[in-house]
Amino acid sequence: MSVREILILPDPLLRKVAEPVEQFDDELKKTVADMFETMYDAPGVGLAGPQIGYMKRVAVIDLADEENPDSGKIVMVNPEIVGMSDEVAVSEEGCLSIPEFYYDVERPAEVTVKFYTETGEEVTRHATGRLAVCMQHEIDHLDGVLYIDYLSRLKRDRVLKRFQKKARLAG
Ligand code: ZN
């Protein structure tokens, strides 16, 4: 296992659509292990493949969530949102690829997600609270969508400008 480099805004890979996983092989399992290690090292509660430049539809989550007590380690391969509530909830989000920024985002309060584990087992799970937020945030990453896309143009531009400037200074 190894800690991978987390790509930071405005890395173009963060805006690409990831490819579905077709083989549940050792490379997938090794990458999932690296993703957990990278996420814990950061530390964070969720990480999607594109954030380490792995352009496959894979995301990992680990949050101790009172509403979802068994929400420990979750590996989502080829996840798909198959249901969502009309009710929405606002909660503060951050992203390992957009360090030091946190903003309130409105999303469906509950989702049902179908996905595969890293061993190819199909799972359908209903999520509420932080887990629902986290799952939607990570699945968005697989489509090149970032949570700042849901903010007002003013707020989004402020974040983008800050990171574009940083990228220029870094050379
Ligand atoms: Zn993120």
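All the letters of the sequence shown, read from the start, carry residue numbers 4 to 174 under this note's numbering.
No residue lacks a Cβ here, since even glycine has one placed at the ideal position from N, Cα and C.
At a cut-off of 7 Å, is His129 close to the ligand ZN when judged by its beta-carbon and the heavy atoms of the ligand?
no
Measure the C-alpha to C-alpha separation of Lys117 and Ala62 and round it to an integer number of angstroms.
Cα to Cα, Lys117 sits roughly 13 Å from Ala62.
Note down, one range per segment and in chain order, each beta strand (DSSP E) of at least 3 residues found wholly within the stretch 4 to 77.
49 to 51, 61 to 65
With the cut-off set at 8 Å, would you say Ile84 and Ile142 are in Cβ contact?
yes
Closer than 7 Å: Ser100 CB and nearest the ligand ZN heavy atom
A distance criterion of 7 Å places the beta-carbon of Ser100 in contact range of the ligand ZN, judged by its closest non-hydrogen atom.
When the Cα atoms are used, what is the spatial distance from Met58 to Glu90?
32 Å
Alpha-carbon to alpha-carbon, Val35 and Gly56
13 Å
Could you please give me the residues that DSSP links to Tyr150 through a beta bridge?
Tyr150 is not bridged by DSSP to any residue.
Once the 5 residues before and after Val108 are set aside, which same chain residues still bring their CB inside 6 Å of it?
Glu96, Tyr150, Tyr153
Can you tell me whether Tyr119 is buried or exposed? The criterion is at least 16 other CB atoms within 10 Å of its CB, across all chains shown.
Buried: at least 16 other Cβ atoms inside 10 Å.
CB-CB length for Met42 against Asp14, believed under 8 Å
Actually they are not in contact, since the Cβ atoms of Met42 and Asp14 sit about 17 Å apart, beyond 8 Å.
Reference Arg110, options Ala130, Asp37, Glu125, closest by Cα:
Ala130
Val24 vs Val80 beta-carbon contact at 8 Å
yes
With DSSP run on the structure shown, which of helix, strand or coil describes Gly132?
Three-state DSSP puts Gly132 in a helix.
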